[in-house]
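Written out below as structure tokens is the structure these notes cover.
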Amino acid sequence: VQLQASGGGSVQAGGSLRLSCAASGENLRFYAFGWYRQGPGDQRDVVATISAGGSTNYADSVKGRFTISRDNAKNTVYLEMNSLKPEDTAVYYCKGTWSSNRFYWGQGTLVTVSS
Numbered sequence: 163v164q165l166q167a168s169g170g171g172s173v174q175a176g177g178s179l180r181l182s183c184a185a186s187g188e189n190l191r192f193y194a195f196g197w198y199r200q201g202p203g204d205q206r207d208v209v210a211t212i213s214a215g216g217s218t219n220y221a222d223s224v225k226g227r228f229t230i231s232r233d234n235a236k237n238t239v240y241l242e243m244n245s246l247k248p249e250d251t252a253v254y255y256c257k258g259t260w261s262s263n264r265f266y267w268g269q270g271t272l273v274t275v276s277s
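Quick look at the structure:
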């Protein structure tokens with residue numbers, strides 16, 4: 163299984179980006195997915211998660227601004243990010259989880275938000 167994250171870039175505060183996480187090698191419709199981020203010198207923190215059934219959860223810092231979604235037909239998970247703030251600057255990673263000992267990380271995609 164490979165996860166390919168894309169969509170990062172540089173935007174000004176208030177702008178928007180959409181991240182994509184495309185999976186290959188297996189149909190991942192029964193997997194839960196999450197987006198995580200890691201800023202400079204920070205630990206990797208969860209941003210948003212979506213279950214196999216489509217239930218979503220968000221970190222308090224992004225509620226109302228970010229939306230996670232999935233398209234099982236395309237084996238792809240998205241993170242729509244609106245009203246971006248400089249503190250959203252980080253490397254964003256996607257993770258697909260089957261169980262506690264079966265999960266996969268995508269490579270990171272850098273998001274830079276300037277004030």
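Following the numbering used here, the numbering of the sequence shown begins with 163 at its first residue and continues without gaps. For every residue, glycine included, the Cβ atom is placed at its ideal position computed from N, Cα and C.
Item                                                                                                    : Value
Rounded straight-line distance, which links the Cα of residue 182 to that of residue 170                : 9 Å
Sequence-distant residues of its chain with Cβ nearer than 7 Å to residue 274 (five each side left out) : 172 and 251
Buried or exposed by the 16-neighbour rule on C-beta atoms within 10 Å, applied to residue 224          : buried
Beta-carbon proximity of residue 239 to residue 195, cut-off 9 Å                                        : yes
Bounding residues of the beta strand (DSSP E) (the contiguous stretch that carries residue 277)         : That residue, residue 277, is in no beta strand (DSSP E); it is neither H nor E in DSSP.
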